[in-house]
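Colleague:
2 protein chains.
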Amino acid sequence: MPFETKATIASFGGKLHKLTHPSTSTGTPMAVNLYLPPQSFSSPNPKPAPLLIYLSGLTCTPENCSEKGFLQHRASQLGLALLYPDTSPRGLNLPGETASWDFGASAGFYVDATQAPWKDGYRMESYITRELPQALFSDAEFGGRLDGDRVSIMGHSMGGHGALTLYLKNPGMYKSVSAFAPISNPGKCPWGEKAFSGYFGEDREEWKKHDATELVKGWTGGDLKALVDVGTGDNFYKQGQLLPENLEEAAREAGVEGLTLRYQEGYDHSYYFIATFADDHVNHAAKHLGLL
Amino acid sequence: MPFETKATIASFGGKLHKLTHPSTSTGTPMAVNLYLPPQSFSSPNPKPAPLLIYLSGLTCTPENCSEKGFLQHRASQLGLALLYPDTSPRGLNLPGETASWDFGASAGFYVDATQAPWKDGYRMESYITRELPQALFSDAEFGGRLDGDRVSIMGHSMGGHGALTLYLKNPGMYKSVSAFAPISNPGKCPWGEKAFSGYFGEDREEWKKHDATELVKGWTGGDLKALVDVGTGDNFYKQGQLLPENLEEAAREAGVEGLTLRYQEGYDHSYYFIATFADDHVNHAAKHLGLL
């Protein structure tokens, strides 16, 4: 099914397309923003752009990072496209779906739920890894402007968990991964325990399949090509929701190399933090996508 | 009266201070955000930073440009401080104050009203040109970090009107001016007619004292040092709310030089537009503030 364009906005020389499309994974319409850099539509020789997927955090929509993350600044210089998906299905009207800000709507955790009533629509893993890229790369309007063989992934907070786990579960699907303040060990933090109990039930062995700290132990893909930034002033880090140290220790114990974990002095959990280091994360992806 | 700090947020190596202080101009507490670049507090040799005041548009608060304008990106590199005031008094509870999005609350137009009931609190011109800088430059915490002799001003839409008129009314107060999509001839557009009728009454001669297109005719300060960007996809431009061509024609007829008016192909009225050319506007101010 084609994408419907709700708005096209000029940004840093490129175009931000605000789109919606019907999803079979979620059974709902899904909003998604696509940024095409100027190189992908400049005449006379447009160049298909590699794609960096940005997964957003709890409470977010495709708008948050489009407006406040400033990934477009550096992506436009390098010729990199950006994809900003939503954080959950919207409008399924499941019982309790909008009762919490950290579970249900806007808190899909980028997994395919196995428990009722969530299992029928909360299938963000299938949506992000298969349905959305397939729809995009085969789209009549946008497909030709993108290089579907060169894709990287990144995210923030819950989206950092999403980026790390989808990367670790699918060797070769993405050329690199990066994260701001990721939920790095959801099986051991309150946010993750709440979400995984709801989406997967109480079998904690099942949870490990969706936990970056567990998944990294089985990584056999070589250099991890992972960049992670965490602010030392981040209250969620201080509260033990993020646990990046567990991810780092697990990687070290497993002999996995290529995880660059940086602690940024005084930065919080907000988009002010993301904006500050946005160029670094775009450069990280661009290097592994052959743009730098 | 001192400023009260509501939050301090790390941004691009500097600090964004979310402040509030009681204002005698408005008779209300006023929110204001101050960005201090790293150079202004780095040890061992902190350097007092020149200041760029950003006046925001209709419906905005100090948060909009702090989050979405991207001015901190370049200001942090150059050692420039940024000041984001609010767009009106808040909480006066005047009749009709919150009935419109383009008059009253969040629509103070950076003038001192002369008509009841607005004249007692809607005094944003006095607040921006005198009270706020005086309070800031004499403040025990922030004053020493700022160079009160080097100040420039800029703004967006209603704030572009504010920046241009306060600059033109006060030769020497600001080293330069710039604007995104400014209301350039408020006496001739619906937004301006509504606001000026309410704040000044129906005497259109009075209106001319607060209209950049009229004020530029009397400018005797030499090179205008003004940069204005307008997007050709801006619906408010197309509707005749901005009228930058009138400002340009008035300057030309008056023999005033130094107005650079650029039309940016396809850009709209949003912060996506501002973010794209934020570096240019910071560079413009920095050049006239001796930082470039």
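If you're matching them up, the sequences are chains L and S in order.
All residue numbers for the first sequence refer to UniProt numbering, where the first residue is 1 and numbers rise by one.
All residue numbers for the second sequence refer to UniProt numbering, where the first residue is 1 and numbers rise by one.
Beta carbons are placed, not taken as given, at the ideal position from N, Cα and C, and that holds for glycine.
For Trp101/L, count the other beta carbons within 10 Å of its own beta carbon; 16 or more makes it buried, fewer makes it exposed. Which is it?
Modeller: Here residue 101/L is taken as the residue at index 101 of the first sequence, counted from 1. Classification for Trp101/L: exposed.
Colleague: DSSP puts Gly263/S in a beta bridge; with which residues?
Modeller: Here residue 263/S refers to the residue found at position 263 when the second sequence is read from its first residue. Sequence check: residue 263/S is Tyr here, not Gly. Beta-bridge pairing links Tyr263/S to Val230/S.
Colleague: What is the residue span of the beta strand (DSSP E) that Arg150/L lies within?
Modeller: Taking the first residue of the first sequence as position 1, residue 150/L is located at position 150. Looking at the DSSP string, the run of the beta strand (DSSP E) that includes Arg150/L is Leu146 to His156.
Colleague: Looking at Thr87/L and Ser56/L, is the spacing between their C-beta atoms short of 7 Å?
Modeller: Locating residue 56/L in the first sequence gives position 56, counting from the first residue. Locating residue 87/L in the first sequence gives position 87, counting from the first residue. Yes, the Cβ-Cβ distance between Ser56/L and Thr87/L is below 7 Å.
Colleague: Touch check for the stretch 150 to 160 of chain L and the stretch 35 to 44 of chain L: three-plus C-beta pairs under 8 Å?
Modeller: No, the stretch 150 to 160 of chain L is not in contact with the stretch 35 to 44 of chain L.
Colleague: Compute the distance between the beta-carbons of Leu261/L and Glu249/L, then report whether it is under 7 Å.
Modeller: Against the first sequence, residue 261/L aligns to sequence position 261. Against the first sequence, residue 249/L aligns to sequence position 249. No, they are not a contact pair.
Colleague: Closer than 8 Å, Cβ to Cβ, to anything on chain S: give me those residues from the stretch 5 to 32 of chain L, in chain order.
Modeller: Flagged, chain order: Ile9, Ala10, Ser11, Phe12, Gly13 and Leu16.
Colleague: Please state if the CB of Ala275/S and the CB of Phe12/S are separated by a distance shorter than 7 Å.
Modeller: As a first step, residue 12/S is located in the second sequence; it is residue number 12 there, counting from the start. As a first step, residue 275/S is located in the second sequence; it is residue number 275 there, counting from the start. For Phe12/S and Ala275/S, no; Cβs fall outside 7 Å.
Colleague: Please confirm if Tyr35/S has its CB atom under 7 Å from at least one CB of chain L.
Modeller: Here residue 35/S refers to the residue found at position 35 of the second sequence. No, Tyr35/S lies away from the interface with chain L (no Cβ there is under 7 Å from its Cβ).
Colleague: Report the rounded CA-to-CA distance for Ala179/S versus Pro89/L, giving the unit in angstroms.
Modeller: To locate residue 179/S, count along the second sequence from 1; it is residue 179. To locate residue 89/L, count along the first sequence from 1; it is residue 89. Each residue's alpha carbon lies about 40 Å from the other.
Colleague: Suppose only complete runs of 3+ residues qualify. What are the beta strand (DSSP E) ranges in the stretch 166 to 234 of chain S, listed by chain order?
Modeller: Whole beta strand (DSSP E) segments, 3+ residues: 177 to 180 and 226 to 231.
Colleague: With respect to the beta strand (DSSP E) encompassing Pro85/L, which residues constitute its N-terminal and C-terminal limits?
Modeller: Taking the first sequence and counting its residues from 1, one reaches residue 85/L at position 85. Ala81 to Pro85 is the span of the beta strand (DSSP E), which, as asked, contains Pro85/L.
Colleague: First and last residue of the beta strand (DSSP E) that includes Leu34/L?
Modeller: As a first step, residue 34/L must be located in the first sequence, where it is residue number 34. Here the beta strand (DSSP E) through Leu34/L covers Pro29 to Leu36.
Colleague: Quick one: measure Cβ to Cβ for Asn283/L and Arg74/L, integer angstroms, because I've assumed they're closer than 8 Å.
Modeller: If you number the first sequence from 1, residue 283/L lands on position 283. If you number the first sequence from 1, residue 74/L lands on position 74. About 7 Å separates the two Cβ atoms, so the contact holds.
Colleague: In or out: Leu51/L buried (at least 16 other Cβ within 10 Å) or exposed?
Modeller: The residue given as residue 51/L occupies position 51 in the first sequence. Leu51/L is buried by the Cβ-count criterion.
Colleague: Given Gly240/S, which residues of its chain have a CB within under 7 Å of its CB, disregarding the five upstream and five downstream residues?
Modeller: Taking the first residue of the second sequence as 1, we reach residue 240/S at position 240. Here the set comprises Cys189.
Colleague: To test your reading of the DSSP string, which unbroken beta strand (DSSP E) runs of 3 or more residues are found completely within the stretch 45 to 120 of chain S?
Modeller: Runs found: 49 to 55 and 81 to 85.
Colleague: In terms of alpha-carbon separation, which member of Phe3/L, Lys217/L, Ala226/L and Trp191/L lies closest to Glu253/L?
Modeller: Walking along the first sequence from the start, residue 253/L turns up at place 253. For the residues Phe3/L, Lys217/L, Ala226/L and Trp191/L, the minimum Cα distance to Glu253/L belongs to Lys217/L.
Colleague: By the 7 Å beta-carbon criterion, what residues does the stretch 100 to 111 of chain S contribute toward chain L?
Modeller: Result list empty, no residue passes.
Colleague: So Thr129/S is in the alpha helix (DSSP H); what residue range does that whole segment cover?
Modeller: For the purposes of this step, residue 129/S is taken as residue 129 along the second sequence, with counting starting at 1. First-last for Thr129/S: undefined, no H or E at that position.
Colleague: Any idea what DSSP makes of His17/S, helix, strand or coil?
Modeller: As a first step, residue 17/S must be located in the second sequence, where it is residue number 17. Reduced to three states, the DSSP call for His17/S is strand.
Colleague: Taking the beta carbon of Asp211/L as the centre, do at least 16 other beta carbons fall within 10 Å, making it buried, or is it exposed?
Modeller: The count along the first sequence starts at 1 and reaches residue 211/L at position 211. Buried, because 16 or more other Cβ atoms sit within 10 Å of the Cβ of Asp211/L.
Colleague: His21/L to Gly172/L, Cα distance in whole Å?
Modeller: Along the first sequence, read from residue 1 onward, the residue named residue 21/L stands at position 21. Along the first sequence, read from residue 1 onward, the residue named residue 172/L stands at position 172. Distance between the alpha carbons of His21/L and Gly172/L: 27 Å.
Colleague: Scan the stretch 272 to 286 of chain S for residues whose Cβ lies nearer than 8 Å to a Cβ of chain L and list them as they occur along the chain.
Modeller: Of all residues in the stretch 272 to 286 of chain S, Tyr272, Phe273, Ala275 and Thr276 have a Cβ within less than 8 Å of some Cβ in chain L.
Colleague: Could you spell out where the alpha helix (DSSP H) holding Thr276/S opens and where it closes?
Modeller: Taking the first residue of the second sequence as position 1, residue 276/S is located at position 276. Residues Tyr271 to His288.
Colleague: So what does Pro244/S bridge to, in DSSP terms?
Modeller: Here residue 244/S corresponds to residue number 244 of the second sequence, with the count starting at 1. Bridge partners of Pro244/S: none, in fact.
Colleague: What span of residues does the beta strand (DSSP E) with Thr8/S cover, start to end?
Modeller: On the second sequence, residue 8/S is found 8 positions in, with the first residue counted as 1. Element bounds for Thr8/S: Glu4 to Ser11.
Colleague: Does the Cβ of Arg204/S have 16 or more other Cβ atoms within 10 Å, making it buried, or fewer, making it exposed?
Modeller: Taking the second sequence and counting its residues from 1, one reaches residue 204/S at position 204. The residue is exposed, with fewer than 16 neighbouring Cβ atoms inside 10 Å.
Colleague: Write down the C-beta distance between Tyr271/S and Ala181/S rounded to the nearest angstrom, noting that I regard them as a contact closer than 8 Å.
Modeller: Within the second sequence, numbered from 1, the residue matching residue 271/S stands at position 271. Within the second sequence, numbered from 1, the residue matching residue 181/S stands at position 181. Contact doesn't hold; Cβ gap of about 11 Å is too wide.
Colleague: Short of 6 Å in beta carbon distance, which residues of its chain neighbour Ile9/L, apart from the five on each side in sequence? Order them along the chain.
Modeller: On the first sequence, position 9 is the one that residue 9/L refers to. For Ile9/L, where only same-chain residues beyond five positions count, the Cβ hits under 6 Å are Leu16.
Colleague: Counting only the same chain and skipping the five closest in sequence on each side, list residues whose C-beta sits under 8 Å from that of Lys287/L.
Modeller: What you label residue 287/L is simply residue 287 of the first sequence in a count that begins at 1. Ser176.
Colleague: Using C-beta distances below 8 Å, list every residue in its chain close to Ala81/S, excluding the 5 sequence neighbours before and after it, in chain order.
Modeller: Reading the second sequence from its first residue, position 81 is the one you call residue 81/S. So the list reads Leu34, Tyr35, Leu36, Pro37, Ser40, Ala49, Pro50, Leu51, Leu52, Ala75, Arg145 and Leu146, once near-sequence residues are dropped.
Colleague: Is there a C-beta anywhere in chain L that falls below 7 Å from the one on Tyr267/S?
Modeller: The residue given as residue 267/S occupies position 267 in the second sequence. Cβ-Cβ to chain L under 7 Å: yes for Tyr267/S.
Colleague: State buried or exposed for Glu141/L, treating a residue as buried only when at least 16 other CB atoms are found within 10 Å of its CB.
Modeller: Start at 1 with the first residue of the first sequence, and residue 141/L comes out as number 141. Exposed, because fewer than 16 other Cβ atoms sit within 10 Å of the Cβ of Glu141/L.
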